[in-house]
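Per our numbering, residue 96 is the first one in the sequence shown, and the count goes up by one each step.
Even glycine gets a Cβ: it sits at the ideal position worked out from N, Cα and C.
The next block holds one structure in the form of C-alpha cells; read it before the comments.
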Amino acid sequence: MAKRAKNLVIVESPAKAKTIEKFLGRSHYQVVASMGHVRDLPKSQLGVDIENDFTPKYITIRGKGPIIADLKKAAKKANKIYLASDPDREGEAIAWHLSQQLGLDEDDKCRITFNEITKDAVKNAVQEPRTIDMDLVDAQQARRVVDRIVGYKLSPLLWRKVKKGFSAGRVQSVALRLICEREEEIKNFEPVEYWSLTSTFSNSRKDTFTAKLAKIDNKKAEIPNKEAMQAILDDLEDASYQIGKVKKTMRKKNPPRPFTTSALQQEASRRLNYTARKTMRIAQGLYEGVALEGSGPVGLITYMRTDSVRISTAAQAEARDLITADYGQKYLGGSAKRAKAAGGNVQDAHEAIRPTSAMRRPQDVKPYLSNEQYKLYSLIWTRFIASQMAAADIQQTSAAVLAKQYTFSATGSVIIFDGYLKVEQEFNKDKKEEGFLPELNDDEAVQLKKHEPKQHFTQPPARYNEASLIKTMEELGIGRPSTYVAIIETITGRNYVVRENKQFYPTEAGELVNDLLVTHFGDTINVDFTAELESELDDVESGDRYWKDVIRAFWQAFEPHLEKAEENIGDVKIEDEVTDIICEKCGKPFVIKMGRFGKFLACSGFPDCRNTRPLLEKIGVVCPKCREGDVVKRRSKKGRVFYGCSRYPDCDFVSWDKPTGETCPACKEGYLVEKNTKRSQRIVCSNKDCGYKVEKEADHE
Numbered sequence: 096m097a098k099r100a101k102n103l104v105i106v107e108s109p110a111k112a113k114t115i116e117k118f119l120g121r122s123h124y125q126v127v128a129s130m131g132h133v134r135d136l137p138k139s140q141l142g143v144d145i146e147n148d149f150t151p152k153y154i155t156i157r158g159k160g161p162i163i164a165d166l167k168k169a170a171k172k173a174n175k176i177y178l179a180s181d182p183d184r185e186g187e188a189i190a191w192h193l194s195q196q197l198g199l200d201e202d203d204k205c206r207i208t209f210n211e212i213t214k215d216a217v218k219n220a221v222q223e224p225r226t227i228d229m230d231l232v233d234a235q236q237a238r239r240v241v242d243r244i245v246g247y248k249l250s251p252l253l254w255r256k257v258k259k260g261f262s263a264g265r266v267q268s269v270a271l272r273l274i275c276e277r278e279e280e281i282k283n284f285e286p287v288e289y290w291s292l293t294s295t296f297s298n299s300r301k302d303t304f305t306a307k308l309a310k311i312d313n314k315k316a317e318i319p320n321k322e323a324m325q326a327i328l329d330d331l332e333d334a335s336y337q338i339g340k341v342k343k344t345m346r347k348k349n350p351p352r353p354f355t356t357s358a359l360q361q362e363a364s365r366r367l368n369y370t371a372r373k374t375m376r377i378a379q380g381l382y383e384g385v386a387l388e389g390s391g392p393v394g395l396i397t398y399m400r401t402d403s404v405r406i407s408t409a410a411q412a413e414a415r416d417l418i419t420a421d422y423g424q425k426y427l428g429g430s431a432k433r434a435k436a437a438g439g440n441v442q443d444a445h446e447a448i449r450p451t452s453a454m455r456r457p458q459d460v461k462p463y464l465s466n467e468q469y470k471l472y473s474l475i476w477t478r479f480i481a482s483q484m485a486a487a488d489i490q491q492t493s494a495a496v497l498a499k500q501y502t503f504s505a506t507g508s509v510i511i512f513d514g515y516l517k518v519e520q521e522f523n524k525d526k527k528e529e530g531f532l533p534e535l536n537d538d539e540a541v542q543l544k545k546h547e548p549k550q551h552f553t554q555p556p557a558r559y560n561e562a563s564l565i566k567t568m569e570e571l572g573i574g575r576p577s578t579y580v581a582i583i584e585t586i587t588g589r590n591y592v593v594r595e596n597k598q599f600y601p602t603e604a605g606e607l608v609n610d611l612l613v614t615h616f617g618d619t620i621n622v623d624f625t626a627e628l629e630s631e632l633d634d635v636e637s638g639d640r641y642w643k644d645v646i647r648a649f650w651q652a653f654e655p656h657l658e659k660a661e662e663n664i665g666d667v668k669i670e671d672e673v674t675d676i677i678c679e680k681c682g683k684p685f686v687i688k689m690g691r692f693g694k695f696l697a698c699s700g701f702p703d704c705r706n707t708r709p710l711l712e713k714i715g716v717v718c719p720k721c722r723e724g725d726v727v728k729r730r731s732k733k734g735r736v737f738y739g740c741s742r743y744p745d746c747d748f749v750s751w752d753k754p755t756g757e758t759c760p761a762c763k764e765g766y767l768v769e770k771n772t773k774r775s776q777r778i779v780c781s782n783k784d785c786g787y788k789v790e791k792e793a794d795h796e
C-alpha cells in the first residue's frame, strides 16, 4: 500500500517545528525548519540595481544550499505546503523567499500565521491559509533595499576618507547621533547651586512628619545659596508653626497596559537587569515552546515582536475568570474593551505580549522553566493580569504648615483599595510602599523638631542606557520592535559607543563618524527624516504606497549629499597617540589604539612588530593587596569594566567594584569600594563578614 502524502509545514526554527508537529500530528504533517532566511542580498556587492528601478538581486545565503535541497525534496512529496514563518514583515518576506525557491504559485493559499503557538491557534491557522501578503513583503523589501543603499554607499566613503573598517547605517547612525548629542549637552552643562529645606514636625499626639519649604510670600521658594538659606533659618528662629489647610482627595491609579516589545525590553532592563538581546532570546524560547508535564511542548507567551496593546476577547475572558477566582469580583476591571496604543504607526495585526493562558500561573510552570525564563514569564503574566484588573483607589492627603511668610508642604497617600496593585505587589517585591501622613487638623499647632537644609546642584540630563534609548527611539518613531536589539548591537559592536555602568558613552571614533554624518548628511540621517521613512513603510504595508516609490524618493534626497560629500570631505587622519612606553621587542614607542573593548597599546613598528599590551588606566589608588602596584581599570572579554593590580600576574587582586583607597573604619581589614546605582552611591566594605556601608543620596533637580 502506497504511503499517504503528508502536508508540509515550514517554520524558521527547530524548536518551533517540534512544538507545532506535536499539535498537528506526525501522521498527517511533516514540520521542518528553514533556519531563518534562505535568500538575501549578496554581501560582496551592493546587490541593488539602482539604474533598473532599484531591482534587488537576491542570492541563496551561503550554507543554505543543503537546507533548500531538503526543503525541495520534501515539497515534491507533500500533499499541501504551508509556510508558517513569524507573523510580521520579516516573517512574510521569509515565506515569500521560500515560495520563490520552491516554485509555488503566487495565487496558492500557502501562508499560515498564528500569534501564539498553542494547539487551537495552530489548528485554526491551518484551516484558514491565505496567499502571501505582498504588501508586507514589499514593506520589508523597501526597508532592506534602503538600508543596503545607505550602508554600502556611506561605508566605502568613510573607508576612503577616514579609516578602513568604519561604517554607517541608516537607523544606527540616528541612534548614534542621539547619544552624541546627549553627550554634548552634558559637556556644555553648567551646574547651578540651589538649596532645599526639609523640616520635621510633631503634632499634639506626638506623631511626627516631614514637610518641605514650598513657598515664601506665596511665591515658589527659591534658595540660591548658603547665605539665603541661613537668612531663612535665622528668620524662622522664633517662629511658631500651625497647620493651614488639610486637603484629602481620592484619585484612581489606573492599571498599566500589557507589554509591547519596547515596554517589555525596558521593564526587563529595569527590574531584571536584562539586556534587550537577552530579553528577546528568553522570550523567543517562551514563545516557541516549553515542555510541560502532561502536555509536552507548548508556547507560553504570544508573539514577542509587536507594538500593539490589543488583547483578544478570549484572552480577556480567561483573565477575568482567573481574577474573579483568585482575587474576587471587586478586583475585575471595567467591561472588557480594546486598548489603544499611544502614538501612531502602530502595527496592530497581532496582540500585545501576554501569556497564552492566564491559567498558567508563574508558580505552576516554575518547575519547567530556567530561572531566567521564570523571571521573564512572571513579568509578562503579572503585567497582563494587572492590565485586566480594577484601578487602585488612593487617598491623597496634603497639608500646609504655616510660619510667618513661609509655607511648608507635606504630602502623603494611603491605599484605600489596592486593585491591580494586589498582583503587582505580590510578584514585584521591590515596589515601594506609599508614604502617609498622621491625622492632622486645620489650624492645629505643631512643634518643630528639626530643620534639615541641604545643598544641591542642578544635574545634567542623564546619559542613555539601553532602556531609555529604546524608549526614545520608540517615541520618536525610529526603528520598529524587531530592530531595537540590532541597532544597539551595531553601534556597540562597531565601537562607536561603549557601556559604562549601564550608560552609553560615545567613543572618539563614534563622535568623529557622527560629526561627518551630521555635517554632510544632516538632512537624511536625522530623526525626522528617519521617522517619516518608517511612516512611509507603514503605508506600503497597508497597500497605500508602492514600495519602489519610497526607495526612489529616498534616493533622490540622499544621492546629492553623497556626491557633495565625496567632493567636500577631505582625508581625515586619525593620528595614534604616541606614548613614552617603549616596546621591549623592537625598541620603538607604543601608541594608543582603539579596539573592540576600548583602548590598548600597540607597537608603532607595526606591521614589522605586532607587540601589544593592555592600556593600564590608573585610578589613583594603591593596590590594597600587594601595596606596591596601582589599581587599574580593565575590561573583561565581554567588555565589562573591572579593577585589577598593575603588577598582574605577580599580584592577582581583582574587583568588580571601584576601590576608594581607604581601609574600612569598622573592621580595619577590608578595603572600601564604591557601589553605584541610579539614585545612590554606597561606600561598602569588601569584607563580606563586616557589613559596613555608608549611603549617600544623589542630588536630582
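In this model, M399 and G724 are separated by some 50 Å (Cα to Cα). Taking C-beta atoms as the reference points, A481 and F512 fail to come closer than 8 Å. According to the DSSP assignment, V266 belongs to the alpha helix (DSSP H) that extends over 265 to 283. Within the same chain, L571, G572, I573 come within 7 Å of A626 by CB-CB distance, once the 5 residues on both sides are set aside. Spatial neighbours of F701 in its own chain (CB-CB distance under 7 Å, excluding positions within 5 residues in sequence) are not present. Residue pairing from DSSP leaves W642 without any beta-bridge partner.
Judged by beta-carbon spacing, V341 lies within the 8 Å limit of L535, meaning their Cβ atoms are closer than that value. With fewer than 16 neighbouring CB atoms inside 10 Å of its own CB, F552 falls in the exposed class. Distance between D228 and D633, taken at the CA atoms: about 14 Å.
Cβ contact annotation for S637 (same chain, cutoff 8 Å, sequence separation greater than five): D230, in chain order. The beta carbon of T619 sits closer than 8 Å to those of F649, A652, F653, H656, all from its chain and outside the five residues before and after it, given in chain order. DSSP places N313 outside both helix and strand once states are collapsed to three, so it counts as coil. Taking 4 residues as the shortest admissible run, the region 447 to 495 contains the following complete alpha helix (DSSP H) segments, listed from N- to C-terminal end: 457 to 460, 466 to 482. Under the DSSP definition of a beta bridge, R708 partners with L696. Ranked by how close their Cα comes to the Cα of R449, the residues C698, D459, P684, I475 have I475 in first place. T502 is positioned such that its CB atom lies no closer than 8 Å to that of A494. Counting along the chain, the unbroken beta strand (DSSP E) around I676 starts and ends at 672 to 677.
Taking one beta carbon from each stretch, the region 458 to 469 and the region 339 to 359 have fewer than 3 pairs nearer than 8 Å; the two do not touch. Measuring C-alpha to C-alpha distances from T506 to each of D135, K172, L141, A306 identifies A306 as the nearest. Boundaries of the beta strand (DSSP E) around G756: 753 to 758.
Segment contact: the region 596 to 612 against the region 266 to 284, three or more CB-CB distances shorter than 8 Å; contact assigned. A straight line joining the alpha-carbon of C785 with that of R742 spans about 28 Å. Exclusion of the five residues before and after H615 leaves H656, K659, A660, N663, I664 as the residues of its chain whose Cβ lies within less than 8 Å of its Cβ. Contact annotation, A237 with Y579: C-beta distance approximately 19 Å; criterion of less than 8 Å not satisfied.
Look at D421 here: in three-state DSSP terms it is helix.
By the criterion of a C-beta distance shorter than 7 Å, N298 is surrounded in its chain by P533, L535, E539, V541, once the five residues flanking it on both sides are discounted.
The criterion of a C-beta distance shorter than 8 Å is satisfied by Y382 and G394. In terms of Cα proximity to L292, the closest of P319, N102, P709 is P319. Going by beta carbons, P182 and F149 fall outside the 8 Å limit. In the assembly as shown, D165 is an exposed residue. Its beta-carbon has fewer than 16 other beta-carbons within 10 Å. Judged by pairs of C-beta atoms under 8 Å, the region 135 to 144 does not touch the region 108 to 121, as fewer than three such pairs exist. The residue among I105, V257, K321, C704 with its C-alpha nearest the C-alpha of A179 is I105. Runs of the beta strand (DSSP E) lying entirely within the region 96 to 169 and spanning at least 3 residues, in chain order: 102 to 106, 124 to 128. Following the DSSP letters along the chain, one finds K214 inside the alpha helix (DSSP H) bounded by residues 214 to 222.
Within the same chain, no residue comes within 8 Å of E285 by CB-CB distance, once the 5 residues on both sides are set aside.
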